[in-house]
Amino acid sequence: MNKSKTAFIAIVGCPNAGKSTILNRLLGQKVAIVSPKPQTTRTRIMGVLTENNVQLVFTDTPGYHRPRTKLGENMVKAVDNSIGDVDACLLVTEPKGELREAEKQLIRRFKKENIPAVLAINKIDTVPNKEELMSRILMFSQLYDFKAVVPVSAIDGNGMNELLDELMALSFESEHFFPDDTLTDQPEKVIAAEMIREKLLRLLDQEIPHGTAVAIEKFKERDSGDIIDIDATIYCEKESHKGIIIGKNGQMLKKVSTRARIDLEKFLGCKVNLKCWVKVKEDWRNREGLIHNFGLDTQ
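First residue of the sequence shown: 1, per this note's numbering; consecutive thereafter.
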């Protein structure tokens, strides 16, 4: 019988590089929310993949950026803490553009900690010119001795099997830290709040970029066991934002709730009765107490 192996791997990179999409693709199920907007992930989200004797424990981190609010500071701190706590890192980058200062900082950290790292160049479906991709690979390879460099498209799955093979190779002999059927360490209430927030990010476009938070006030399974009642409060920073979130005749809030409920029913495997309300908490992203109440402290 093969001995059990494990590795804790932090997924790091700039905002909007596709870290959460890669995590969801590796796990085969959504545990991290995804939107086209940068800095969608706010805290560390752990995903667990167990295949045969190998267990990989992934930490999906917020995008590394220059913080402008207390919440932003907490997000950057979450990345720094994650890198110090893992056996290896998966650096996710886009296939073109200049090397960003945040990526240089992350690579400096790899060198300082001597961390084994794999580079995933994501979104290769957007680059028809493969020479452009080769120059990107060369640029990063000159900066750090990555264990592997894997071009992938998390959207269509291209290269993901090869990436998983390289990540599996980072594992070492060890007992598994989680039961083999574990998917995430996030409580179901947290997943529910994040799925609602994802719909806000997707449906509201640029109008309410990141000034929303979601608190789950009730999460209760009925005695029959086939329906879960969820009450959620959406917090925003301005009265004008509240009106936009609710929408004309409540249409926008209804759309957010319906789409979140569909995702939650898939994730929880049962019917969901979801009710959402909207409240204003001015400048909550700079108020430590509220950041704590929303569960967005550094973990």
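Glycine residues also receive a C-beta, built at the ideal position from the N, C-alpha and C atoms.
Rounded to a whole number of angstroms, what is the C-alpha to C-alpha distance between residue i and residue j?
i	j	result
A169	K266	32 Å
P209	N161	Unreliable placement is indicated for P209, whose pLDDT of 49 sits below 50; the coordinate value is still reported in the next sentence. Those two C-alpha atoms are separated by around 34 Å.
I9	V86	6 Å
T126	M139	19 Å
H241	R261	22 Å
G97	L203	28 Å
Q251	W277	13 Å
M302	S224	In the structure displayed, the chain extends from 1 to 299; residue 302 sits before or after that span and is not available.
K112	I124	30 Å
Q226	E239	The sequence given here places Asp at residue 226; Gln does not occur at that position. Whole-angstrom Cα-Cα distance: 37 Å.
Whose CA, out of the options, lies closest to the CA of residue i?
i	options	result
E94	P151, D60, N114	P151
L90	C14, D156, Q142	C14
T59	E188, Y235, T184	T184
I228	V272, N24, A17	V272
F172	L268, Q55, F219	Q55
A7	Q29, T50, L99, S20	T50
T21	V256, L133, N158	N158
L27	L163, E113, A17	L163
Y235	K220, L253, E221	L253
Q186	L23, N24, V31, R25	V31
M316	S257, F177, D226, R100	Because the chain is modelled from 1 through 299, residue 316 falls outside the range shown and cannot be assessed.
R197	R259, D165, I155, L167	R259
R25	A154, I244, L167	A154
What does a CB cutoff of less than 7 Å around residue i pick up in its chain, not counting 5 residues either side in sequence?
i	result
N53	N2, K3, S4, K5
V101	Here the sequence assigns Glu to residue 101, which means Val is not the residue at that position. The answer is none, since no qualifying residue turns up.
Once you ignore the five residues that flank residue i on each side, which residues in its own chain have a CB closer than 6 Å to its CB?
i	result
I107	L143, Y144
D231	E217, K218, K275
K19	I11, G13, D60, V92
Should residue i be flagged as near chain D, meaning a C-beta pair shorter than 8 Å?
i	result
D229	This model lacks chain D altogether; it includes just one protein chain.
Among the residues of its own chain, which have a CB less than 8 Å from the CB of residue i, if the five just before and after it don't count?
i	result
Q29	L183, F267
- [ ] Report yes or no: do three or more beta-carbon pairs, one from the stretch 114-122 and one from the stretch 138-147, lie closer than 8 Å?
- [x] yes
Task: Runs of beta strand (DSSP E) lying entirely within the stretch 205-272, each at least 3 residues, in chain order - done: 213-221, 227-236
Open item on the list: Using 8 Å as the cut-off, can you tell me whether the stretch 213-223 makes contact with the stretch 191-201, which would need three or more C-beta pairs spanning the two stretches below that distance?
Closed with: yes
Task: Residue ranges of each beta strand (DSSP E) within the stretch 133-159, 3 or longer - done: 148-151
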